[in-house]
Amino acid sequence: MSATYSVTATPGAEEAGAVALAVASLPATFGPAAGGSATPDVAAIAGGPGWTAEALHAIEAGSRGVMVVNPVPEDTAQLSAAAEAAGTAVVLDLRWASNPALVSQDGGPDAREAFRSALGTAAMLDSVATGAPGTDPQRLLGEHLAALLEVTGTLDAVSLLQSGATGYTFSGRLANGAPVSAHGVLTAARPAGVDIRLYTADGGVSVRLPEPAAAWPAEVRVTGPHGGLLLPTLYESAHRTAWRRLKEHLTAGTRPDDLTRFARLTALYATFADT
Amino acid sequence: MPAGKPLGVGILGAGPVTQAIHLPALARLRDILEVRHIMDVDESVAASVAARVGATSSSSMDALLGDHTVDIVAICSPHQFHADQVIAACRAGKKAVLCEKPFAMNAGQAARISEVSAETGVPIVVGAMHTFDPGWLAAEGHWDDLPETAHTIRSSIVLPPNARFEDFATEIVARPAAGAPDYSDIDVIKSMMQGGIMGLAIHDLPLVRRFTPDFNDIQVLQARHVRPFGYAISLRTPTRTIELRAAMNSTWQPEWSFEAIAHHSALRIDFTPSYVQAGSATATFSRGTETTTLGPYSHNGYEGEWRELAELARGTKQPPSAQTLIDDLTFALAIADATVDSVAADHARRPGGIAATAGASA
């Protein structure tokens, strides 16, 4: 059976998003566009500065789907309107926030649900993002924030406390007022990833998110008075999960809400500029 | 190997720390140390605890210091008595003194203690048990230049209420009643933050300082109270980022870690909970895809500090530098003072104060 949707990827998207690998893992749905093909069904672009304009261009060129790899915070209002008018599915492949352990695609147990059950009795949220030396701390911060928002829904009173060549620290509050403290660390000593720990009155939830470069599973653990529970491990990278979501929207003819949710991240990120 | 007759130990203060930490640790060292005198202001508590180990009891410090069978004095009384009792124990001609942290509540007291220790020649050990943990000591032998190159340091302490582990260690008599703090009172929050630093963070602040060469130049970026007891504190020196977290809640799962992270290497130490004889910490070095784990070893830091005291009392080991103890204390006091100032300033900036917020932060 041949693939339903042809895909092209910019070199930047291929490098950041391992597009060929993800596409090859969904062979009945996606396949590389033939050379010289004017308009692919799906355009994969890198999420560097100016990505919204590039995505807009892909929509105007007639792509039915757009995959954006690691987008930086940027105003998505115009893109959102264009995607809606053209019926184009724009999916964001977020470095950590797209990990399937955070939000289940099939109704299974996930970190978001575990957090929602625990947030009412939250005492503190502590999180650490690790990136390689040379990583732009601001970019790491955006990716870190995206992962946090995926499980907390909102963060109040965010404030950047420090940022420099070795990382950053920011603080905030959960809806019940419990303190949020998060920091980024640049080091080659440990693999890149994000740890999120929510402490409650009698236990908590911890999440360890790996890099999407391989299908390492995230770990989500829920601790309560009766013991600890490891949620089922999912050997699927954030990249593949994003592509699988795009497949579902293209197949069903539905529109993802990625841009709407990303607008909340962009708005929150903008508040750091004021602190 | 034991060197002759066991040394005699006298303990000032017979509360839960003595009952659940020191007596169980000493029970493992009967060939070198023997508890001979227990003092507590509550005479019945002193008698009850002393009877468990066949020791003399009293309600007077002078009686204990005058007991010639006591070679080593352990000071486990409330913080405000520590300085005077350390000095009195040194002047009483004892062979060594263990003082629970903090050994003084200000720099002036610390200087006085240092002078008396130098004058009398009595070695003093401060009960910062993690610095005697074999896991920490093993890490020290392997960390190369990490204290000079680390840029980020973390201490994270998640503990169940003390009673859970006290009850795993012994049968407590006269446990102090838990209070119900008024979180809307800024003085309560300030007191809890002060207690959080000088009673909990202080366990690991000597470790943090070891990786912070410019420890005299510290700045508080945030200090938040965590309910029911804990803190989220971010600190900065010109060369280090320091993150301190603590949460004491009703969980059953303890987690006590220390981390020092540089560009090319990182150290993580996972400590066992206080009170229980659960062996040493485990130290893990990471260098890219390579990890090296040291430990666990069979005893914890409390047993380690008693072994050290026995050696100091016998004169087979040199005492720690008084300056190290003073620097550790002044580092902790500086953080405690700045933290209290920070929560007070935050409170003053917030319309309506803490009572106006629904949440858990100070």
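For the record, the sequence lines run as chains Z and H.
When you read off a place in the first sequence, starting at 1, and then add 1, the result is the number in the working numbering.
When you read off a place in the second sequence, starting at 1, and then add 126, the result is the number in the working numbering.
Just so you know, even glycine gets a beta-carbon here, dropped at the ideal spot from N, CA and C.
Item, Value
"So which residues on chain H does Z:ALA202 lean against when the C-beta distance must stay under 9 Å?", "ARG353, PRO354, ASN375, SER376, THR377"
"Taking only beta-carbon positions, decide if Z:PRO134 is within less than 8 Å of chain H.", "yes"
"Taking only beta-carbon positions, decide if H:HIS390 is within less than 8 Å of chain Z.", "yes"
"For Z:SER128 and Z:LEU80, what's the separation of their Cα atoms in angstroms?", "32 Å"
"Find the nearest neighbour of H:ARG301 within the set H:LYS131, H:GLY130, H:GLY141, H:VAL135, judged by alpha-carbon distance.", "H:GLY141"
"If you check the beta carbons only, do Z:VAL67 and Z:TYR6 fall under 8 Å apart?", "no"
"Is the beta carbon of H:GLN145 sitting closer than 8 Å to the one on H:VAL179?", "no"
"Please tell me whether H:ILE279 has its Cβ less than 8 Å away from any Cβ of chain Z.", "no"
"Whose C-beta lies closer than 6 Å to the C-beta of Z:SER164 among residues of the same chain, with five residues either side of it excluded?", "PRO138"
"Can you grab the Cα-Cα spacing for the pair H:ILE452 / Z:ALA239, in whole Å?", "51 Å"
"With DSSP as the reference, label Z:ARG241 as helix, strand or coil.", "helix"
"Let me check you understand the geometry: is the CB of H:ALA146 closer than 7 Å to at least one non-hydrogen atom of the ligand PLP?", "Looking for the ligand PLP in the displayed structure turns up nothing, as the structure carries no ligands at all."
"Does DSSP put H:ILE395 in a helix, in a strand, or in coil?", "strand"
"Taking the Cβ atom as the reference point for each residue, do Z:LEU146 and Z:LEU266 lie within a distance shorter than 8 Å?", "yes"
"So that I know if they touch, is there some Cβ in chain Z lying closer than 8 Å to that of H:SER185?", "no"
"Could you work out which residue in H:ASN232, H:MET187, H:PRO445 is closest to H:ALA214 when comparing CA atoms only?", "H:MET187"
"What distance in whole Å lies between the Cβ atoms of H:THR367 and Z:THR131, which are believed to be in contact at a cut-off of 8 Å?", "Their Cβ separation, rounded to whole angstroms, is 13 Å, which puts Z:THR131 and H:THR367 out of contact at 8 Å."
"Comparing C-alpha positions only, which one of H:LEU326, H:HIS277, H:VAL135, H:MET319 sits nearest to Z:LEU187?", "H:HIS277"
"For a contact meaning CB atoms closer than 9 Å, what does Z:ALA130 contact in chain H?", "By Cβ distance, chain H contributes nothing, its closest Cβ being about 12 Å from Z:ALA130, past 9 Å."
"State the DSSP-derived secondary structure class of Z:ALA271, mapped to helix, strand or coil.", "helix"
"Can you name the residues of chain Z whose CB is closer than 8 Å to the CB of H:ARG371?", "MET125, ASP127, SER182"
"By a C-beta neighbour count over all protein chains shown, 10 Å radius and 16 as the cutoff for buried, is Z:ALA268 buried or exposed?", "exposed"
"Can you tell which of Z:LEU141, Z:PRO233, Z:GLY36 has its C-alpha closest to the C-alpha of Z:ALA98?", "Z:LEU141"
"Considering just the uninterrupted stretch of the beta strand (DSSP E) at H:ALA348, what are its terminal residues?", "Note on residue identity: the sequence assigns Gln, not Ala, to residue 348 of chain H. Looking at the DSSP string, the run of the beta strand (DSSP E) that includes H:GLN348 is 345-351."
"From the DSSP secondary-structure annotation, give me the bridge partner or partners of Z:HIS184.", "Z:VAL129, Z:THR170"
"What's the C-alpha gap between H:TRP382 and Z:GLU114?", "27 Å"
"Since H:ILE86 meets chain Z, which of its residues come closer than 9 Å, beta carbon to beta carbon?", "As displayed, chain H neither begins before 127 nor continues past 488, which places residue 86 of chain H out of reach and without an answer."
"Considering only the alpha carbon of each residue, which of Z:ALA119, Z:GLY173, Z:ARG191, Z:ALA158 lies closest to Z:THR224?", "Z:ALA119"
"CB H:GLU437 to CB H:MET255, shorter than 8 Å?", "no"
"At least one CB of chain Z closer than 8 Å to the CB of H:VAL469: is that the case?", "no"
"If the cut is a Cβ gap below 7 Å, which residues of chain H does Z:ALA119 touch?", "Residues of chain H passing the Cβ test: none, with the nearest at roughly 12 Å."
"So, is the C-beta of H:LEU333 closer than 8 Å to a C-beta in chain Z?", "no"
"Anything in chain Z within Cβ reach of H:SER360, meaning under 8 Å, just list it in chain order.", "LEU162, GLN163, THR170, SER172, SER182, HIS184"
"Under DSSP, the alpha helix (DSSP H) around H:MET318 begins and ends at which residues?", "312-321"
"Does H:ALA496 pass the burial test, meaning 16 or more other C-beta atoms within 10 Å, or should it be called exposed?", "Past the edges of chain H, shown from 127 to 488, lies residue 496 of chain H, and the structure says nothing about it."
"Contact between the region 316-326 of chain H and the region 418-425 of chain H is defined here as three or more beta-carbon pairs at a separation below 8 Å; is this criterion met?", "no"
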